Amino acid sequence: MMRIAQHLLVLLLLISNDVSATKFTYIPYSPDQFISREKYQTQIHDQFENNSTVLLYGLPGIGKTALAALYAQGQMQEYALIYWIDCRHNVTQQIKEMFNLLQQKFQIPFDFKKLSLNNSLSLLYDFFSEKKQKILLVFDNCNDYKEIQNYISLAQKNSSYFLITSQDKSLHANRIEIGGFEPKESSQYLSLGLSFKEDINLTYISNMFSGYPFMLSIIKEYLMNTGTTKEILQEIQRIFGSFLEPKNLFNPEILDNYKGFLPLLEILFNDFSKKNPRASEYLLALCLYGPTKIDRNILFKHLEKNENDNLYGILSSISSTSLISLNTGGEKMSFHFHDIIHKLIRFFIPAPKRQDIIKLAIDILYTSLDKESVSSTNILLKENEMVTHAESLIAFCEHYNYSNPKLLSIKAMLFDYYMGGVRNFDSASKVKDSIKKDLQNAKNEFSTSYYDALNKINIGYLSSIKDSGYDLAIKLMKEALQNLEAFDYQYADDCLRCLTNLAQYEYLQGNLRKAEGYIQKCTGYYHRSVSATYKSLFLCIKSMIHLDDRNLEEAENALDQLSEEIKLVEDYGTLELIRKNIQADFYIKTDRFIEAEKLLLTNIEDQIKFFGGDTTSLSAITYLLLSTVSLNTQKNQKGNVTQLERLIDLFQTTYKSDEKHRLQALAWRVMGQALLIQKKIPEAFAAFLKSEKIYKAVFKNLNIPDVELLYFQIIDSSIKNNSHRVAVDYLQHYKNLFGIESTRYSDLLVSLDKDI
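Residues 1 to 756 in my numbering are what the sequence shown spells out, letter by letter.
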C-alpha cells in the first residue's frame, strides 16, 4: 500500500510541475583538466546504445576518471540528471546528499528523509521515467560491485544509465578496457600548460611510456620544475631510452649498474608522492606491469620512509592494486606481488599489523586461485609457481599461528592438487594434517555468521573430495546456506556457489528431484551474482541435470546461456572443455551423432593441448561419450569394448570413490550394449549386472533414467539369454521402481510373454 501511495505522489508531481526544462549536473572535475580521447568517447556512446550500464576498467592512472568526466560533460544536454559518486568514500551518504540537493532543485513535495533509501531511489527512477527523461549516475573508483549493485538493480530501463570506473574488469560484462594515450594525445597532454621556446618533438617521450598517463604526468611534473629546454628532454630520453632498450629491459645488471635511471626516477617519484596520496599504488602498478618495469627497490625505499600508522593504509591500497593484476595484467603479474608482500611482511611490518598484512596476502592468493578459474587443480597444474606461493604462504601462516576460511580453502585446493594432480601423497598428507589442525581451532577463529558460512563451505568442499563422502558435505553446505540467506542477497555469489554444490552432490548420488529443487532455488541468486565463474558452474550442473532427466528443452536453454556466460570467465579453458562434453551429450540424446562425434574428437585434441595428455578424468568422460556415439552408429564394437575396459581402469585412478563408481557403472552399461550388438549375450548380461551392482552400492535412490534403461537392458538380455526366471525377477524390480505406466514395462511384458 505504501508503495502505491508513493507512485501516486509521483504522478501528482508530474501533473502539477512541468520540470522538463530543469536539469541538474554534479561532476567534481573541470573538462579543461583532461585530454579529449575520441576513440573511447565513441565506444562509451556505442555501448550505451544497447546497455544501461558501462564499465571502464584499466590500470591505476590510465585515465578512467578523466574519460568518465569528459563523457558526462559532453552529455549534459542529453541527461536531465547527471550525478557523480566517488566509491572511495561512503556511497550511501553520497546518495543521501544527492536526494537533499534534488529535493531543493526540483521542489519534490515529499521528504526523502522519511523514506528508505531503496524506496527513494525507486521514486527517483520512476520520476524521470514517467517524464521520458534520462539520468546518468557515475560510480567512480568502484572496487566492489556489491556496494552499488542494489542501486543499479532498482533502475528503470531506457531511462536510468550507469557509468562505472574500476581497476577490476570482472565487475560488469559491458566493459571497455582503457589503454594509454594515442601519440597525438600524449604530445597534447605534455604540451598543456607548458611553454616550449624551441621546436621540440615530444613523440619519442610519449612512445617510450606507451602513452601511460601516470608516467607522462611524472615527466610533466619534472619539466614544470626544471624547464623545457631541449637539453633536459634529451637527458630524459637518454636515461629512460637506454633502460628501455629490449636488450636491457630485464637485465638486472643493467638495472643495478645504470646510475642515471634510479636517481632520476626517485626524484620524480618523491616529488609526485608529496602531491598524490595514491602514489604508492601507482608505483606498484608500474613495478608489476607498467611500461617501464621499474625496479621494486624504489617501492621498498618509499615504504621504509613511511614506517608509521599510515603504512597499513598504503599497503591496503597496494593490495587492491595487486588484485587487479589478475584482471588486467594476467595471473603471472600476481606472482610478482607475492614476492613483494612476503618481503613486506618479513621486513617492514610491525608485529601488531602483521596479521592484517598476512590476511591481504591470503586474499590475493585466494583470488588468483579461485576467481580466475573454474578448477583450482587445473590452474595449479598450469602454473607450478602458484604451488610454490601457496606452500610458502601456508608455511608462513603456520609460523605465526594464523588461519582463516580462505587459507583453509587454499589448503583444500593444494590437497586436491597433490591427490588428483601430481599424486604426491606425502605432500598431501602434510596438508591434510594442517587442515585438521585448522578445523580443531575453527570455532575460535571464525565466529561471525558470514565467516562461519565460508568455513562450512570449505569444510564441505574438503568432505566432498575426501573419504568423508557427500553426506557431511551436504549437511555443512545447508548450514552455510542458512547463515548466508540471513544476509538476504548481500552474498549472492556465495549462495549461488553453495546451492550449485548441493545440486551437484545430490545429482552425483542420483537424487535428481532434490538436485532440481536446488537448481530452481539458484535462480534468484544467479541473477544477482557478479561471478561469471559461479554462474557458469551453475549452468553446467543445470544442463547436466536436465539432460539426465530428459528435459531436453531446458537443457538446451541452459547450454545456450552457458555459451555466453563462459566468455566472461577470464581463464575459461577447463570450463569450455566441460561445456563441450555436455553439448556433445545433448547431441547424443537428440540423435545428432555426427555432430556429437565431431565435437568430441575436437575436444580430445583440445584436452591434449591443455593438459599435455588424454588420461585425465575429463578425457575419460569424453571417451565414454565417444563410445556411446559408436554404440549408436554401430561402429567397430570390438574396439569400443576394448576402449571401455581401458576407461573403467582410468576412472579407478582419476576419480574419487563415489564419482568413479558412478562412471564405472555407466561404462559397464555401455559395454553391455556394445556386446549385445556383437551378439555376445552372456557377456553383455554379465556387464549389465556389474553395472547394477555398482549403482546399488553408490546410489541411495535408483529411480533415475539411467537405472531404468539399465533394468530394461538386463531384462531384455535375460530373455535373449533364456534366463526367464531372472527376467521375471527383474521385471518385478522394474515395476516397483518405475511403475506399470512406463511404456518400457508394457514392451517388456509383451516380449517376455512371447518368449515364454
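Ideal Cβ positions, reconstructed from N, Cα and C, are used throughout, including at glycine.
Note that the structure is predicted; figures quoted are calculated from it, not measured.
- Per DSSP, Y402 lies in no alpha helix (DSSP H) segment and is marked neither H nor E.
- As the crow flies, the alpha-carbon of I178 is around 50 angstroms from that of Q664.
- In this structure K220 is buried. Its beta-carbon is surrounded by 16 or more other beta-carbon atoms within 10 angstroms.
- Minimum Cα-Cα distance from Q520 among the listed residues H546, K113 and P705 corresponds to H546.
- Taking the CA atoms as reference points, Y366 sits about 12 angstroms from I394.
- Ranking E576, E398, Y57 and K475 by CA distance to the CA of L562 puts E576 first.
- Looking at T574, S543, A584 and V138, the one whose alpha-carbon comes closest to that of E556 is S543.
- Shown here, R592 sits in coil according to DSSP, grouped into three states, outside any helix or strand.
- Under the three-state reduction of DSSP, Y26 is assigned to strand.
- Check the Cα spacing between M413 and each of V431, D426, S403 and N404: the tightest is with V431.
- With contacts defined by Cβ atoms closer than 8 angstroms, A69 and Y29 form a contacting pair.
- Contact check for L568 and A173: beta-carbon distance about 5 angstroms, within the 8 angstroms limit, so the pair qualifies.
- Taking C-beta atoms under 8 angstroms as the contact rule, S160 and I135 qualify, at a distance of about 5 angstroms.
- Check the Cα spacing between S186 and each of L171, Y212 and E692: the tightest is with Y212.
- Here the alpha carbon of I681 sits roughly 7 angstroms from the alpha carbon of K720.
- Under the three-state reduction of DSSP, S116 is assigned to coil, being neither helix nor strand.
- T25 has its alpha-carbon roughly 14 angstroms from the corresponding atom of Q103.
- Under the three-pair Cβ rule at 8 angstroms, the stretch 31 to 50 does not count as touching the stretch 143 to 153.
- M477 sits buried, since 16 or more C-beta atoms from the chains shown fall within 10 Å of its C-beta.
- Between the alpha carbons of A596 and S619 lies a gap of roughly 15 angstroms.
- Excluding its 5 nearest sequence neighbours in each direction, V91 has C-beta neighbours in its own chain below 7 angstroms: I85, E147 and I148, listed in chain order.
- Cβ-Cβ distances below 7 angstroms link S529 to A492, D493, L496 and K535 in the same chain, with the five nearest sequence neighbours on each side left out; the list follows chain order.
- Nearest in C-alpha terms to P60, of all of L481, Y417, L599 and Q167, is Q167.
- Between D549 and L512, the beta carbon gap of about 5 angstroms places them in contact (Cβ cut-off 8 angstroms).
- The straight-line gap separating the alpha-carbon atoms of L676 and D729 is approximately 21 angstroms.
- For F181, the three-state secondary structure derived from DSSP is coil.
- Rounded to whole angstroms, the gap between the alpha carbons of D716 and V670 is 15 angstroms.
- The beta carbon of F34 lies closer than 6 angstroms to those of A66 and L70 in the same chain, with the five residues before and after it left out.
- A direct Cα-to-Cα measurement between K157 and S52 gives close to 7 angstroms.
- The shortest CA-to-CA distance from N404 to any of S723, A390 and D363 is the one to D363.
- Boundaries for F34: no alpha helix (DSSP H) harbours it, and the DSSP string shows neither H nor E there.
- For A503 and Y695, the gap between their C-alpha atoms comes out near 19 angstroms.
- DSSP, reduced to helix, strand and coil, places D438 within a helical segment of the structure shown.
- In the DSSP assignment, S691 falls within the alpha helix (DSSP H) that extends over I681 to V698.
- Per DSSP, the beta bridge partners of F139 are I85 and I164.
- A distance below 8 angstroms separates the beta carbons of Y505 and I474.
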